[in-house]
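Residue numbers (numbering that gives the first Met the number 0), protein chains in the order written: chain W, 0 to 272; chain L, 0 to 320; chain P, 0 to 520.
Just below is one structure, and these are the notes that go with it.
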Amino acid sequence: MQRRSTVASVLARPAGKVGFSLLLVTLALAILAPVIVHTDPLALSEATLSPPTQVHWMGTDALGRDLLSGVAHGGRASLLIASAVVVIALTCGSLVGLVAGYRGGFVDDSLSRMIELFQVMPRLFLVAIVIALFGPGVDRLVLTLGLTSWPVLARVVRSEVLATRTGEFVVAAEALGASHSYIAFRVLLPNILPSVLVMIGLLFGQVLLTEASLGFLGLGDPNTLSWGLLVGESQGFLRVAWWLAVFPGLAITAAILAFNLLADALSSALGGR
Amino acid sequence: MTRWYVLRRVLQVIPTVLGIGLVAFMLIHLAPGDPVMALAGEHGDAAYYAFMRERFGLNEPLPRQLLTFLTRILHGDFGFSYVQGRSTLVVILERLPATALLGGAAIVISLIVSVPLGVVAARRPDSARDTGISTLALALFSAPAFWLAQMAILVFALALPIFPVQGMTTAGARSTGFGHVLDVARHLALPALALAAREIAMLVRLTRSGLIDELARDHIRTARAKGVGELSVLVRHAFPRALVPALTVVATRVGQLIAGAAVVEVVFGWPGIGRLLLTALQTRDTPILLGLFIVISSSVVVVNLMTDLIHATIDPRIRLL
Amino acid sequence: MFLLPASCVKEPATTRANILVAAITSDPGHLNPAITTNGGVHTAADLLYDGLISLGEDLTPRPALAARWTIEDDGARYRFFLRQGVKWHDGRPFTSADVKFSFDSVLLRFHSRTRASLGPVLLGIDTPDDSTVVFRFKRPYAPLLSQLDVVEAPIIPKHLFAGTDPLRNPVNMAPVGTGPFRFSSYAHGTEIRYAKNADYFGTTPTLDGVVLRVIPDASTQVAALERGEVDWLFGVPGPERARLRRDPNVVLDQTSVSPGGSNCVTTVGFNLDRPIFRDVRVRHAVAHALDRQQFVDRVTFGDGRMADAPISSAIAFAHADHLEMPAFDTLRADSMLTAVGWQRTTATAIREAHDVAGVRNGTPFAVTFKVMSGMTPYGELLRAQLRRVGIDLRVVSLEPVVFAQSVFTARDFDVSIAPYCQGVDPQIGVQRMYTSSSIAPVPFSNMAGYRSATMDSLFERAGSALDVDERRRVYRQVQELAVRDQPYIWLVETTNTHAHTRRCTGFGVAAHFAATATCTS
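In structure tokens, the structure reads:
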């Protein structure tokens, strides 16, 4: 009942509408890539560095590969990577943050040290080091990004919990003898949801951007056709073949915009404004 | 704020730094690839490898190397760079100011631009002004830093030759004093803006959403009901608590900012530690890699420490726990 | 303040008139060319130093610190007569003691290439007087003269290095040499400045100074050249070349010297330890499947030519003409693979093994291709070309250090690729790819793991022969055998393109490229 009204309220906002449609288009392109685009993204054609034409809507790269096919197939990989990272970060982050903030004392102390340890390690550097030392691969990319992304969430959750813990809802619930898990999940969680949702939107964007930055630094995985890889391969062609940088760049930007807009709309819907 | 709270927080830094050292050490030493091979180049042989390994103490068992390493960190000794043959700390400190300048300029720019925008947007949520500001922030937020940097070069250095393409000073320049400051400022403009873009977007969003949340809370309604003036509500009641999540995020951004600086440094040829790290990665200069990792992480630890202490001042309930 | 537009700011006072600004890709870290073979260090430091001899454009030895030399005992003893009156940049005289010290205490210990090539054959270095140096060898040693230039054997000052650790000597950051330029300053990560050495023993440089500017990003380097912020690029990224050629202020030059060495041939290597590639017919089939001209066109953007023999055409005396290299012919590749037992069910399927020796039936023809991160496009094109004949290639791109370990030490790859720079003498640059003694955990050694007693003895004969015609005949046999056994596929003889602004002219080759240049305002 309440859920439906939230969704309706999100979709009622312009940000929600635009975000939702963008996300839908991006997801459709990614999921249906093999159906919509018939060209094999790795197949060579005779046309190398061709600007957008009727045959190649987004042009071709130096080896003669179709960019439209690359962007569509690349979206699958990039979005899957981002989703996996967000799932890891969300699970670890809210759990640790909630427990630390709610239990306090020694538990909070040790968890806070752990949060700090993982959080102070600069993510891009860590990923760059892991990829450069161990070689490119989606598994290590997701794991490293996931393990360095949750602390931000945990910190925000923890400080929100700390700030609401002494709020009247919690005090009232405690006075009524509610269990810890009831308070944590039924009282505290809904209260901190807006901040968490905003963070998830940001996180999706950050992961997509980190993946693109790795591509820029030449650390993309040539076996996983992703937006980051396409961005990386466009580097030498910025002023020779604009389409190579523009279309993957637009795809990344559109996806990030979609997540951010939805997060915005969702947080204002839940905030009851 | 009690003295004990401060002392405890400060002491907590030590295990964190040691933990970082441990993670970094294991990561780098367990990875495939041999620094000695990188030094030898194309024509090394077994005898050469053994000779160099002994020089750098790489022939010792790993646990012993780790112990030596951790003991040394606590004494502030990061060893010698394999490639440069100089003290790692000297090498890092030489490059740190350039990154600090770039990052500092980016933070200053982003604070100056974003906090007023965030407040303006939050005053009337969903107004045309708010929508405009939020959209702009989102657009900036969605563009990769290296892309903004490259576009900045194409537009403001090549198409309109206003700013230089690369570097921190003009090549071969011997200017000093004010001339030098101006020269650096000209070179700083584009990289700092490219780096600031994302921070601006982030801070506008956080200031805005934090303030909107606060303005809707009970104690604000109570204050308003009591007839407290709108400005006073904003400044005395809403702003300090809305600032908590924003401050948390700014603090957590320091590490990411340095990482973002690395990408911008590569595009503009800015001589900072981000580029030092990428070079050290290619040459497998382990002492520099470890030193940088610890220096960067520790600076984030210190900023976190300061944020926590500030939090405790703003929101006294935190230190009661 | 940093928002101040430049139009309000006066250009800083620089006299760029006769100063050359050249872009380098990474900070060299130090400036001692005697302790490393690192290309970046040599690019930056060789301007400050000299070798006993220098190599001309045609790679013939010319006098440098040594005015002349004699070869005695059929090539087992070399006597060098040093130039008189040469001074170090700090004014101290240069003597034979500096030469002996440089070799004994530094080059033969820390310069891995000189250590590997001279170390095993050198008996000792004598200095009968201040201006004579004698190299004594265990047996006649032909290649010595091509190993004494500033890249292979720079001479460093004994008075500043004796009794110190050469790897940590502060002189490495503020060097004192004999070269055409003297050191001025080194701002790490930013630039290195040099001033001309007015007392240089050779032709005094016409430039007043040189600035080497560190610019890591290749596109930024090109932009800086177009804006005139730098005058010289050591390399131009392929795609940008056509555009730069149309720029009236820029000149492009093609050379066979690249930062990694000279006369490089990009070579694909099969791991012969893998059962899939033990059969020479499979290796021939793969060679037929490759359209090598496409690599020249789409990967190097015309910077290079299709290799037509295992030895580079730039090593003219050893290069074999009219060899029968496998031609591009997918139908032939297809039928050869099918004949061996690698069959495919449809025209697009991946092949599977049917009664292939050492391979279980039904095994797909899927192999791992390891490549250094900068060369990934080769892997992507290779993958696309082999896919057409039903071979599945997984491209693993690795940082150079990890690549070296994984391919040459762990030998954990099926197919790989490397830019083998063959240099001047096949005994050094080519032998390491083929002899069984070169199967070692050393980068750019015998990657394939190729063993042939005939090949080993051919190289032995070539090494002791002093007569050029005899060596040519032996190297022809080497190349014929290599093509027959096909442990490698020789793809592209790569060249390198320099670019410079029109205001600067007169560049030389290689190490002392700036010594003869001039710039006008």
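We treat Cβ as the ideally placed atom computed from N, Cα and C, and that holds for glycine.
Here the structure is a predicted model, which means the values were calculated and not measured.
In whole angstroms, what separates the C-alpha of residue i from that of residue j?
i: V154 of chain L; j: R245 of chain P; result: 21 Å
i: D45 of chain P; j: A29 of chain W; result: 53 Å
i: I283 of chain W; j: L78 of chain W; result: The shown model of chain W, from 0 to 272, leaves out residue 283 of chain W, and the question about it has no answer.
i: G74 of chain P; j: K137 of chain P; result: 10 Å
i: G74 of chain W; j: V175 of chain P; result: 56 Å
i: A105 of chain L; j: P270 of chain L; result: 16 Å
i: A161 of chain P; j: I155 of chain P; result: 10 Å
i: F128 of chain P; j: F134 of chain P; result: First, the residue type needs correcting, since residue 128 of chain P is Asp and not Phe in the sequence shown. Looking at the two C-alpha atoms, the distance is approximately 14 Å.
i: N495 of chain P; j: G303 of chain P; result: 8 Å
i: D125 of chain L; j: A253 of chain W; result: 22 Å
i: L17 of chain L; j: L69 of chain L; result: 7 Å
i: V197 of chain W; j: L67 of chain W; result: 31 Å
i: E323 of chain P; j: V482 of chain P; result: 8 Å
i: A288 of chain P; j: V183 of chain L; result: 55 Å
i: G28 of chain P; j: V40 of chain P; result: 7 Å
i: D411 of chain P; j: L152 of chain W; result: 40 Å
i: F182 of chain P; j: I214 of chain P; result: 20 Å
i: V301 of chain L; j: A311 of chain L; result: 15 Å
What residues match up with residue i in a beta bridge as DSSP calls it?
i: K16 of chain W; result: None, per the DSSP bridge assignment.
i: R305 of chain P; result: The identity of residue 305 of chain P in the sequence shown is Met, whereas the question assumes Arg. BP columns for M305 of chain P point to P:V491.
i: K369 of chain P; result: P:V395, P:S415
i: S436 of chain P; result: Its beta-bridge partners do not exist; DSSP assigns none.
i: S86 of chain L; result: L:F79
i: Q522 of chain P; result: Outside the displayed span of chain P (0 to 520) sits residue 522 of chain P, for which this structure offers no information.
i: T559 of chain P; result: In the structure as shown, chain P starts at 0 and stops at 520, and residue 559 of chain P therefore has no counterpart that could be examined.
Could you tell me whether the Cβ of residue i comes closer than 8 Å to any Cβ of chain L?
i: I52 of chain P; result: no
i: T367 of chain P; result: no
i: P174 of chain P; result: no
i: R272 of chain W; result: In this predicted model, R272 of chain W has a pLDDT of only 37, less than 50, meaning its place in the structure is not dependable enough to derive any value.
i: P33 of chain W; result: no
Does residue i get closer than 8 Å to chain W when you measure Cβ to Cβ?
i: L397 of chain P; result: yes
i: T329 of chain P; result: no
i: G405 of chain L; result: Absent from the structure is residue 405 of chain L, since the part of chain L shown begins at 0 and ends at 320.
i: E228 of chain P; result: no
i: G176 of chain L; result: no
i: I308 of chain P; result: A small fix is needed here, since residue 308 of chain P is Ala in this sequence, not Ile. It does not; no Cβ of chain W falls within 8 Å.
Does the separation of the CB atoms of residue i and residue j fall below 8 Å?
i: L392 of chain P; j: V429 of chain P; result: no
i: A498 of chain P; j: V149 of chain P; result: no
i: I314 of chain P; j: Y377 of chain P; result: no
i: G448 of chain P; j: D272 of chain P; result: yes
i: V186 of chain W; j: L97 of chain W; result: no
i: S95 of chain P; j: S53 of chain P; result: no
i: V107 of chain L; j: T206 of chain L; result: no
i: Q255 of chain L; j: R238 of chain W; result: no
Is there a C-beta anywhere in chain P that falls below 8 Å from the one on residue i?
i: A131 of chain W; result: yes
i: Y4 of chain L; result: no
i: L213 of chain W; result: no
i: F68 of chain L; result: no
i: M167 of chain L; result: yes
i: E59 of chain L; result: no
i: L229 of chain W; result: no
Tell me whether residue i is buried or exposed, calling it buried when 16 or more other Cβ atoms sit within 10 Å of its Cβ.
i: V132 of chain P; result: buried
i: K225 of chain L; result: exposed
i: H55 of chain W; result: buried
i: A196 of chain L; result: buried
i: M51 of chain L; result: buried
i: I128 of chain W; result: buried
i: S372 of chain P; result: buried
Check whether the Cβ of residue i lies closer than 8 Å to any Cβ atom in chain B.
i: V16 of chain L; result: Of the protein chains in the structure, W, L and P, none is chain B.
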